[in-house]
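Trainee: First residue of the sequence shown? That's 130 in our numbering, and the numbers climb one at a time after it. Handing you a structure now.
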Amino acid sequence: ANWEECKELCRTHHYCKQAVFDKYEYKCDIRTRRVGFDERGIGGRNLHYRSAHCAARTCMLFDGWRRSDAGLAYLRLPVSSNKSWGSKTTWSECLRGCESDFNCQQTSFNKGSGLCFPLAAAVSAEARGKDNRHS
C-alpha cells in the first residue's frame with residue numbers, strides 16, 4: 130500500500146475516522162476513532178508515520194422534491210441488510226441506510242407511503258418538480 134491508497138481506503142469505509150500510514154513498512158491502519166494527539170509525543174517530527182482524519186459523509190437534503198429512477202434499475206440498492214429497495218421504513222432509517230453505505234449516492238423517501246429508494250448514483254437531472262410527499 131501507499132499513502133494515497135491508504136487515504137482512499139479510509140474514504141471508502143464509512144466507519145473509518147482516521148488513517149495512519151507506516152512509511153517504512155508500507156502498512157495502512159484504519160481506525161474507527163480519531164486521535165487528536167501524537168501517541169509518541171513527537172507530533173510534526175515523526176518521520177515514520179503519516180496520518181489523516183477522515184470526515185463523515187454528509188448529504189444534501191431536498192425536502193419536497195420528487196426524483197424519477199426510470200431506466201435506472203441497475204443502480205438500485207437495498208435500504209439495509211434486511212430491507213430491499215423500495216421497502217417501507219422511516220425517513221431516519223432511509224437516510225441512515227444511505228449514509229452508511231458507501232455505494233449509496235442518493236436516496237428518495239416517499240412521505241406518504243414510507244417507501245425508501247436508495248440509488249448508487251445521484252440523478253439530480255431527473256428532478257421532476259416540487260412534491261410534498263417526497264424527501
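Ideal placement from N, C-alpha and C gives every residue a C-beta, glycine not left out.
Leaving out five residues before and five after Trp132 in sequence, what residues of the same chain have Cβ atoms less than 8 Å from its Cβ?
Mentor: Start at 1 with the first residue of the sequence shown, and residue 132 comes out as number 3. Excluding sequence neighbours, Trp132 sits near Phe150, Lys152, Arg179.
Trainee: Under DSSP, the alpha helix (DSSP H) around Lys136 begins and ends at which residues?
Mentor: The residue labelled residue 136 in the question sits at position 7 within the sequence shown. Segment 132 to 140, the alpha helix (DSSP H) holding Lys136.
Trainee: Rounded to the nearest angstrom, what separates Thr219 and Phe191 at their Cα positions?
Mentor: Counting from one through the sequence shown, the residue named residue 219 turns up at place 90. Counting from one through the sequence shown, the residue named residue 191 turns up at place 62. Each residue's alpha carbon lies about 16 Å from the other.
Trainee: Please work out which residues of its chain come closer than 8 Å, Cβ to Cβ, to Gly294, disregarding the five sequence neighbours upstream and downstream, and give them in chain order.
Mentor: Lying outside 130 to 264, the shown extent of the chain, residue 294 is not represented and no answer is given.
Trainee: Roughly how many angstroms separate the alpha carbons of Ala148 and Leu201, rounded to a whole number?
Mentor: Along the sequence shown, read from residue 1 onward, the residue named residue 148 stands at position 19. Along the sequence shown, read from residue 1 onward, the residue named residue 201 stands at position 72. Distance between the alpha carbons of Ala148 and Leu201: 34 Å.
Trainee: Buried or exposed for Gly226, please, with buried defined as at least 16 other CB atoms from any protein chain shown within 10 angstroms of its CB.
Mentor: The count along the sequence shown starts at 1 and reaches residue 226 at position 97. Result: buried.
Trainee: Is Thr141 close to chain C? Criterion is C-beta to C-beta, closer than 8 Å.
Mentor: Absent from the structure: chain C. Only one protein chain is present.
Trainee: Would you check if the distance between the CB atom of Leu206 and the CB atom of Ala249 is smaller than 8 Å?
Mentor: In the sequence shown, counting from the first residue as 1, residue 206 sits at position 77. In the sequence shown, counting from the first residue as 1, residue 249 sits at position 120. Taking 8 Å as the Cβ cut-off, Leu206 and Ala249 qualify as a contacting pair.
Trainee: Express the C-alpha separation of Asn239 and Ser210 in angstroms, rounding to a whole number.
Mentor: For the purposes of this step, residue 210 is taken as residue 81 along the sequence shown, with counting starting at 1. For the purposes of this step, residue 239 is taken as residue 110 along the sequence shown, with counting starting at 1. Looking at the two C-alpha atoms, the distance is approximately 20 Å.
Trainee: For Thr161, collect the residues of the same chain with a Cβ closer than 8 Å to its Cβ; drop the 5 residues on either side in sequence, then sort them by chain order.
Mentor: Locating residue 161 in the sequence shown gives position 32, counting from the first residue. Tyr144, Cys145, Lys146, listed in sequence order.
Trainee: Below 8 Å on the Cβ atoms is my guess for Lys156 versus Ala181; work out the distance and round it to an integer in Å.
Mentor: As a first step, residue 156 must be located in the sequence shown, where it is residue number 27. As a first step, residue 181 must be located in the sequence shown, where it is residue number 52. About 15 Å separates the two Cβ atoms, so there is no contact after all.
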